[in-house]
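Student:
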Amino acid sequence: MDVVIPLGAIGDPAEPPEGAAATSAGPRSARERAMGGASLPAGGRPPWLRVRLPGGPEYARVRGLMAALDLHTVCAEARCPNVGECWSHGTATFMILGRVCTRACGFCAVETGRPGGAPDADEPRRVAEAVAHLGLRHVVVTSVARDDLSDGGAAAFASTIEAIRERCPDTAVEVLIPDFRGDGGALREVLAAGPDICNHNVETCRRLTPRVRARARYERTVELLGRARAWGRPELRTKSGFMVGLGETWGECLEIMDDLRGAGVDILTIGQYLRPTPAHLPLRRYYTPQEFAALKAEALVRGFRHCESGPLVRSSYHAHEQAARAERRYGGEAADTRRA
Ligand code: SF4
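Going by the working numbering, the sequence shown wraps up at 342, each residue one higher than the last.
And the structure:
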């Protein structure tokens, strides 16, 4: 039976909209009226956001393995709505460098505070062990922001990539990295370890970035992605993603796409923001599946190799398929699909 996972309260329908984005109370553009955009309903989430409760033997196996190896996943820490589906298929996104983040982004459910302590030197080995046990063909490795470390955690990313390469040479490695506060040396260290995909999420539009990611900068994110394109191996794919429903306008969504394509980004993900708890940023609007399809069409027109756009899309959702489709679109063959 499909049920809604209790991820926290949905947005307050009484709150006024920001910008020109359509909401239950705000003005709606011609495009948004044509798309039939969904307002915040009084009775709960719209049907396209219903997901299965986590469970089943494969889910239990992944959870047990993570506990046994003392590893963290962004799936659990960020309360991802896809955890039931992904874990049932043996897919998980590893979160290295602990479970406490030095930033406090307004959309994110990961715990914030002072992580304390040096990186766990054995963690890369254990991640590789888990990848081998799960038989992953494509692994996503991310981290909390570690602004307390001089390199922002770059060395730990590099060690984890190398450990996976050694243990599972046929597995494609995607890293979803923080901005390292703009430190080019840290980015070079990660790229030198040879990931197949370098992912860094822009999360929202330029205007909303100070509120959504207070300690990040929109321009710095775009610069990082451009550097990854310029400094990485030619076969490296770059990737980014953003959420909708935070109050951005349709035009601001298109501006994000233009900026990311200007930085040479190959793969784009677009998903619905879901407020994790009442303490997080309010949800302004649900986008309909038709609107997600229209955003995808805009992305492909702009030249992204692949765009995964949908209500439940998260950065790592169907990550392996995203990479494979990105290559098929151009008839190319990158390291990630060769290994698959
Ligand atoms: S979409 Fe990503 S973060 Fe969410 S459950 Fe799947 S692998 Fe984990």
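All residues carry an ideal CB built from backbone N, CA and C; glycine is no exception.
How far does the alpha helix (DSSP H) with Val224 in it reach, from first residue to last?
Tutor: What you label residue 224 is simply residue 222 of the sequence shown in a count that begins at 1. Looking at the DSSP string, the run of the alpha helix (DSSP H) that includes Val224 is 220-233.
Student: What does Glu310 pair with, by DSSP beta-bridge criteria?
Tutor: Position 308 of the sequence shown, counted from the first residue, corresponds to residue 310. Paired residue(s): Thr271.
Student: Closest by CA to Arg304, which one among Pro284, Gly312, Ala265?
Tutor: On the sequence shown, position 302 is the one that residue 304 refers to. Checking every option, the nearest Cα to that of Arg304 belongs to Ala265.
Student: The ligand SF4 heavy atoms versus the CB of Trp252: any closer than 8 Å?
Tutor: The residue given as residue 252 occupies position 250 in the sequence shown. Trp252 Cβ: outside cutoff for every heavy atom of the ligand SF4.
Student: Look up Gly243 in the DSSP assignment and give the residues it is bridged to.
Tutor: On the sequence shown, position 241 is the one that residue 243 refers to. BP columns for Gly243 point to Thr271.
Student: Three or more C-beta pairs closer than 8 Å, one from the stretch 231-251 and one from the stretch 264-282: is that the case here?
Tutor: As far as the Cβ criterion goes, the stretch 231-251 touches the stretch 264-282, which means the pair count is three or higher.
Student: So is the beta-carbon of Glu87 under 8 Å away from any non-hydrogen atom of the ligand SF4?
Tutor: As a first step, residue 87 is located in the sequence shown; it is residue number 85 there, counting from the start. At least one heavy atom of the ligand SF4 is nearer than 8 Å to the Cβ of Glu87, so yes.
Student: Shortest alpha-carbon distance to Thr104 belongs to which of Ala301, Leu151, Val129, Thr95?
Tutor: Taking the first residue of the sequence shown as 1, we reach residue 104 at position 102. Comparing Cα-Cα distances from Thr104 to each of Ala301, Leu151, Val129, Thr95, the minimum goes to Leu151.
Student: Report yes if the CB atom of Glu205 is closer than 9 Å to the CB atom of Val214, and no otherwise.
Tutor: Within the sequence shown, numbered from 1, the residue matching residue 205 stands at position 203. Within the sequence shown, numbered from 1, the residue matching residue 214 stands at position 212. Yes, the pair counts as a contact, with Cβ atoms nearer than the cut-off.
Student: I'd like the list of long-range same chain contacts for Gly155, defined as Cβ closer than 6 Å, with 5 residues on each side in sequence excluded.
Tutor: Taking the sequence shown and counting its residues from 1, one reaches residue 155 at position 153. Same-chain partners within the cutoff: Leu99, Ser145, Arg148.
Student: Given this structure, state the Cα-to-Cα distance separating Ala27 from Cys107, to the nearest angstrom.
Tutor: Walking along the sequence shown from the start, residue 27 turns up at place 25. Walking along the sequence shown from the start, residue 107 turns up at place 105. The predicted model places Ala27 with a pLDDT of 31, which falls under 50 and marks its position as unreliable; any figure quoted below should be read in that light. Going by the C-alpha atoms only, they are around 26 Å apart.
Student: To test your reading of the DSSP string, which unbroken alpha helix (DSSP H) runs of 4 or more residues are found completely within the stretch 103-158?
Tutor: Counting whole runs of 4 or more residues, the stretch 103-158 contains the alpha helix (DSSP H) stretches 125-136.
Student: When we look at the beta-carbon of Asp172 and count the other beta-carbons within 10 Å, is it buried (16 or more) or exposed?
Tutor: Stepping through the sequence shown from its first residue, residue 172 is reached at position 170. The residue in question, Asp172, is exposed, as its Cβ has fewer than 16 Cβ neighbours within 10 Å.
Student: By alpha-carbon positions, which one of Thr240, Asn201, Cys255 ends up nearest to Leu210?
Tutor: Walking along the sequence shown from the start, residue 210 turns up at place 208. The option with the nearest alpha carbon to Leu210 is Cys255.
Student: Pop quiz: Asp260 and Thr240 are said to be a contact at Cβ under 8 Å. What is the actual Cβ separation, rounded to whole angstroms?
Tutor: Position 258 of the sequence shown, counted from the first residue, corresponds to residue 260. Position 238 of the sequence shown, counted from the first residue, corresponds to residue 240. Wrong, their Cβ atoms sit about 15 Å apart, outside the cutoff.
Student: For Leu302 and Gly92, what's the separation of their Cα atoms in angstroms?
Tutor: Along the sequence shown, read from residue 1 onward, the residue named residue 302 stands at position 300. Along the sequence shown, read from residue 1 onward, the residue named residue 92 stands at position 90. When rounded, the distance between both Cα atoms is 30 Å.
Student: In whole angstroms, what separates the C-alpha of Lys298 from that of Glu310?
Tutor: Within the sequence shown, numbered from 1, the residue matching residue 298 stands at position 296. Within the sequence shown, numbered from 1, the residue matching residue 310 stands at position 308. Rounded to whole angstroms, Lys298 to Glu310 spans 7 Å at the Cα level.
Student: Take every Cβ of the stretch 56-73, pair it with every Cβ of the stretch 129-146, and state whether three or more of those distances are shorter than 8 Å.
Tutor: Output reads yes: the stretch 129-146 touches the stretch 56-73.
Student: Would you kindly report the start and end of the unbroken beta strand (DSSP E) that includes Cys200?
Tutor: Numbered from 1 along the sequence shown, position 198 holds the residue referred to as residue 200. Run containing Cys200: 199-201, per the beta strand (DSSP E) assignment.
Student: Quick one: what's got a C-beta closer than 8 Å to Leu51's C-beta in the same chain, skipping five residues either side?
Tutor: Counted from its first residue, the sequence shown places residue 51 at position 49. The residues are Val6, Pro83, Gln274, Leu276, Tyr288, Pro313, Leu314.
Student: Just reading off the beta strand (DSSP E) that Ile98 is part of, what are its end residues?
Tutor: Mapped onto the sequence shown, residue 98 falls at position 96. Unbroken beta strand (DSSP E) run through Ile98: 95-98.
Student: How many Å lie between Val142 and Val177 at the Cα?
Tutor: To locate residue 142, count along the sequence shown from 1; it is residue 140. To locate residue 177, count along the sequence shown from 1; it is residue 175. Near 6 Å, if we compare the C-alpha coordinates of Val177 and Val142.
Student: Use the C-beta contact count for Ala165: other C-beta atoms within 10 angstroms, 16 or more gives buried, fewer gives exposed.
Tutor: For the purposes of this step, residue 165 is identified with residue 163 of the sequence shown, where counting begins at 1. Buried.
Student: Label Pro117 either buried or exposed according to how many other C-beta atoms from any shown protein chain fall within 10 Å of its C-beta, with 16 as the threshold for buried.
Tutor: In the sequence shown, residue 117 corresponds to position 115, counting from 1. Under this definition Pro117 is a buried residue.
Student: Using alpha carbons as the reference points, say which of Gly196, Pro59, Leu262 lies closest to Trp89.
Tutor: In the sequence shown, counting from the first residue as 1, residue 89 sits at position 87. It is Pro59.
Student: Is it true that the CB of Met97 sits closer than 9 Å to the CB of Glu113?
Tutor: Taking the first residue of the sequence shown as position 1, residue 113 is located at position 111. Taking the first residue of the sequence shown as position 1, residue 97 is located at position 95. No.
Student: Within 10 Å of its beta-carbon, does Ala281 have 16 or more other beta-carbons around it, so buried, or fewer, so exposed?
Tutor: Here residue 281 corresponds to residue number 279 of the sequence shown, with the count starting at 1. Ala281 comes out exposed.
Student: So, with DSSP's three-state summary, where would you put Arg54?
Tutor: Locating residue 54 in the sequence shown gives position 52, counting from the first residue. It is a strand residue.
Student: Keeping to the same chain, check which residues put their C-beta closer than 6 Å to that of Arg327; ignore five residues upstream and five downstream.
Tutor: The residue given as residue 327 occupies position 325 in the sequence shown. Closer than 6 Å at Cβ, skipping near neighbours: His308.
Student: Take Val85 as the anchor and find which of Tyr220, Met68, Arg54 has the nearest alpha-carbon.
Tutor: For the purposes of this step, residue 85 is taken as residue 83 along the sequence shown, with counting starting at 1. Per the Cα distances, Arg54.
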